[in-house]
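Numbering-wise (this note's numbering), the sequence shown opens with residue 6 and increments by one. Beneath this line is the structure, given in structure tokens, with notes to follow.
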Amino acid sequence: MNPEMAMVVKRTEEREALRSVIAQWNANRLDLFELSEPNDDLEFHGVMRFYFQDSGQKVATKCIRVASDATAQVVIETLIEKFRPDMRMLSVPEYALYEIHENGDERRLEQEEKPLLVQLNWHKDDREGRFLLRRIDDKTNMPEGTFQEGGSSFKRKLSKREKKQLKKQEKLNRMKSTSGVPTEENDSGVAEKLYTALPETSFTRSISNPEAVMRRRRHQQLERKLQQFRSKDGGPDTGGTLKIYGESLCRDVPYKTLLLSVGDTATQVVREMLVKYGLDREDAHNYCLVQVNTAVDPNAENKEVGPGNNNTINNREYILDDDECPLAILMNHSQSRGSIMFHVRRRPADYHPRKRKKKPQQKWNHQSSTEMHEYRYEDGFDRLPFFLELNPDGSDIAGGTAKRHRLHPNVTEVGSERASPHSQSQSLQLFGPNVQPRHCVIAHTEGIVTVTPCSRDAETYVNGQRIYETTILQNGSIVKFGRIHNFRFCDPCHDERIRQRHDSARTAHDYSYDRQSTGSQPPVTPTPTQNYETTFDVDGNIETRSTSSLGNKEETRSQRSVGSSSRDGNRLSNYERYPRGNDPILPAVLELREEKEEALLHALITDLEPSVLAFKLAPAYTLYLAARYRASTHYRPELTPTERAYRLTLMLAKVAAMIHNVIQERYCEVKSLALWLANASELLHFLKSDRHVSAFSLDAQDTLADAVQIAFRHLVACLQGELAAVMPNFLSEREDLSHDPEDSSTASVLGVLASAMALLRRCRVNAALTIQLFSQLFHFVNVWSFNRIVAPNSQYCSRAWGLRLKARLAQVEVWAERQGLELAADCHLARIMQAAHLLQAPKYSAEDLATLSSTCFKLNSLQLRALLQKYQPTPDEPRLPHELIDNVVRAAENLADELARSDGREVKLEEEPELALPFLLPEDGYSCEVVRGIPPGLVEFVGPLQHAGLCRLSAQPTSNGLWTVYMGPANPMVRSPSAMSNRSGGFVPTQQQPEVQIIKLHKSNNGMGLSIVAAKGAGQDRLGIYIKSVVKGGAADADGRLQAGDQLLKVDGQSLVGITQEKAAEYLVRTGPVVTLEVAKQGAIYHGLATLLSQPSPVMAR
């Protein structure tokens, strides 16, 4: 055996031995801690648990993914960032990683040792151990009582049996100490605490521990209450927890933690505190809430502030008035000015309300609990965020002459038009290429600045990436409007705000969102206990993140191993990352009064101007919300179901008739026809699919179906008229020497087609309707060109014209392929394309003509005879013999003519202007299937109507964000408040199975673009892999067929059912440029996993 073969055999044996050891390890571990299969270089990775002991002797724990080649030094750097982000300023060598065993053995790992290999060697030696991160100069022993109930927020509560055993052990230890028997507590303190105070993992059964179950239930109730306070659109949260000190009420209980909103007053806080202390019979007016401001010496900022420290300058106390809100006061308090505490005390007899200066109102809008109006930036004009002007190429303007545009706590409108003097917003007026009149809106609320493009045509870029939705700006972001206007976003308070966040997490007197009050034990959720989400993003990165409802950003498992490098830069977040509710209700409610119905419908339909709509489907969504309100018991509760249904039927019939009339009146306005084609078809889909409204809108559905067809016909006629005006250029004798589509004879034709496509996409016309419309347009191009070529006095039957036509049609084909219309173009341009091929191809022998008759199969006998007889050969070409022409014509009579007659078509020389295709209403592919939450353009559209008193739009924060919640068969477990809900009495629909589709996905340079999650659904005995979201810009997003909630059954023939998420991720990574996916459409919904999919994806701070 040669040395190379021996090396290969040895390598294979080593890999098999390593695989065997890893398999034994995995057999005794939870899925979370499984190790991956070793690759050819014997490298593997897995999740490891590490413990951290700070200088106060407290112990915390984290899980991270570690590669087998990651050294202890690299792991230490990562753990320092995980456990204590503020420790980046410290030198890394002060920390070391120790392996500690149950018998008390302790060893410090060298910096080049590999922790994952060390852990695997424990298994081979039949030992167990744990890794502890600790400062090198810290002592190993731990003080008594460090891990008592109040000492660590992550320690699980002991059961009665465990408490009894603990007391027994303590008694034995005391007996040993009194009898002179030395204990090893000082030697093995860390080991003992790591193995007794902390559970092995957070995946513990709680059914045998009733106290743990009750604690988790209390935590779930707290989470549900906190959910109401959390912002849904990026604004400030409207509530949280706050410590209120009540030592004057009970010395043994110094404080209580209350869950408050920013609107809770001092009186409400006092009442709740009296109840908490069991003094609910006391008169709350005899007590008051005292605010204590503690100012800190700025020269002593590195010293510890505490009761025994004299670094404070002075303490100022105020008795809050009854209408003051403590949580709002704390949220507006700058951390640099010291801390705030609140105490409940007896009200002094000589108390008089303070004379407060009248400040701008800081009230919270009751209609939108997520937005704080009249926010006052307390630190002055110089501390406002601003845009710093840059050169068109993005470089800094030299000489310090760059302009600064301050962003006040309000809305700033950007565009070529100046904002109305009557509006409350400021404006940034810009002129230049691709700058729209109303380009975008910049909102500054509570220190958060966002930018929102007003339309898809408004070119807006953040850090070089074009945005289409609301995006939060980070300090230093480069923002570009149009082609030449570049700005750098600067936030003077950025560093202070980050420092305040860290300080507030450490300060005992500050309020905190009690999201980690139960430590490492997550709240009880449906199986699996803790879920993970794998994302294949557009940069080709692969990440697996925890989707626990705690939202802990540090609980992240990344398939970028610790030893690998990561990209710098923050990914911009948007409002869609904020959590939604789980209730199966619409995202909003539209209330309208009966006497205002006529005026509202005229504003929505008759008087509507298409150009004013940012969200072109706003009329359909508004009308659907109006229909749902009329069907509910909130409208005229005294009506009987029959009366309510009758009124709903009349209203929908009126709506359909008005839409029908508008389409008839505006039969020659292309923009109006496209708008109402989209809205009428969308509204028709809403009414047909809504299980409560469908039966009572049959007349309206018929009228709307007719209106959609009429709008389609009129729009086709208008676009064909535009094509007819430019088609003479298509047959011009100009030679296209430049090969530039914009400077060719087809440029005007492509211009009409491109503008039509842009209009349909802007109006969000259904894709199937778009394909039908372009089939008509391609047919028109085919008919117009072909009939002129075969006309009696035609001069186009020559080889030169054949080459010319073929080149021009090729440009049309390329454009159609880019738009996804290649099939429609191939089908409906076939005759003119085959005629062009016939004119330019060789046709001088029987073999040439036989080939042509097989390739030009769409041409009938009359058309072939005309083209060949009219053919004008060049001087170097022979004339076509009549015998050959007759042979080709006879072949066409036997094939093309017979096919035409069998289809019922007459064999004619010229093509029919009308395309003999039936109009089909699509059953799916509508926007309501993909829209989540309330579209910003819908709020903007309803705003003026609401201001005029015609209606009122209210968001439903507990909604799951879906617009399809009432579509499909009725769910007997969900009762809708509709007028028709009592008609389904007793009917239980049979369980349906999801539709299975085979999808071929062409991967691009931007990656696959999928976010997957593994879960076990209701009635499923094995894990399934589900799409949690589609990453914007990836291959799946461009393809459009994959959606959130789809289950991936197979990838390239490999089953994904019953495997772990890591394994599924490996299969997806190994795929080639074309991926074949077997998909169960909306399998997550069928398997009862809608709640899992609605959990937000955590945002990693990079």
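Built from N, CA and C at the ideal position, the CB exists for glycine as well. The structure displayed is predicted, hence computed values, not measured ones.
Buried/exposed call for residue i, threshold 16 Cβ in 10 Å
| i | result |
| --- | --- |
| I141 | exposed |
| Q998 | exposed |
| T523 | Here the model assigns T523 a pLDDT of 34, short of 50, so the residue's position is not dependable and the matter cannot be decided. |
| L808 | exposed |
| L171 | exposed |
| S73 | buried |
| C255 | exposed |
| G487 | buried |
| V456 | buried |
| M10 | exposed |
Coarse secondary structure for residue i, derived from DSSP in three states
| i | result |
| --- | --- |
| V935 | coil |
| S460 | coil |
| R793 | helix |
| D1051 | coil |
| E1083 | strand |
| G343 | coil |
| L703 | helix |
| V450 | Correcting the residue identity first, residue 450 is Thr in this sequence and not Val. If DSSP states are grouped into helix, strand and coil, T450 belongs with the strands. |
| G245 | strand |
| K261 | strand |
| M10 | helix |
| G726 | helix |
| G1088 | helix |
| L23 | helix |
| S694 | helix |
| N320 | strand |
Contacts around residue i, its chain only, beta-carbon distance under 6 Å, and the 5 residues preceding and following it disregarded
| i | result |
| --- | --- |
| L37 | V52 |
| G948 | none |
| D328 | T270 |
| H499 | N480 |
Nearest residue (CA-CA) to residue i, options the options
| i | options | result |
| --- | --- | --- |
| V786 | S760, V817 and S803 | V817 |
| C495 | E115, L967, A1040 and E394 | E394 |
| L630 | A448, L606, L872 and G1088 | L606 |
| P1078 | K1005, A448 and A901 | K1005 |
| S41 | V13, K15 and V71 | V71 |
| I610 | T647, A636, Y651 and E670 | E670 |
| I939 | C459, E418 and F620 | F620 |
| Y100 | E86, S694, I81 and E117 | I81 |
| P331 | M762, S482, Q714 and C293 | C293 |
| A763 | K693, V675, Y849 and E687 | V675 |
| Q124 | L904, N31, E175 and E86 | N31 |
| L950 | E21, E602 and R718 | E602 |
Whole-Å CB distance - residue i paired with residue j, under 8 Å assumed
| i | j | result |
| --- | --- | --- |
| G1045 | G1014 | Wrong, their Cβ atoms sit about 11 Å apart, outside the cutoff. |
| L782 | Q725 | 7 Å |
| L834 | A846 | That pair is no contact at about 17 Å. |
| L864 | Q839 | 6 Å |
| V419 | C445 | 5 Å |
| A1069 | L1061 | 5 Å |
Residues of its chain near residue i, where Cβ-Cβ distance is below 8 Å and the 5 sequence neighbours each way are ignored
| i | result |
| --- | --- |
| E643 | none |
| A829 | I776, F779, S780, F783 and A821 |
| L412 | L389, P390, F391, F392, I447, H449 and V454 |
| H952 | none |
| E19 | L47 |
Neighbourhood of residue i by C-beta distance below 7 Å, restricted to the same chain and skipping five residues each side
| i | result |
| --- | --- |
| W369 | Because the pLDDT of W369 is 40, which lies under 50, any placement of that residue in the model is unreliable, and the question is left without a value. |
| D1057 | T1076, V1080 and T1081 |
| I249 | Y260, K261, L263, V274, M278, F347 and V349 |
| V970 | P589, I590 and L591 |
| C768 | K621, A679, L680 and A683 |
| G1063 | R1027 and L1028 |
| A685 | I664, L709, A712, V713 and A716 |
Near the ligand ATP: residue i beta-carbon under 7 Å from a heavy atom
| i | result |
| --- | --- |
| I81 | Ligands displayed in this structure: none; no statement on the ligand ATP is therefore possible. |
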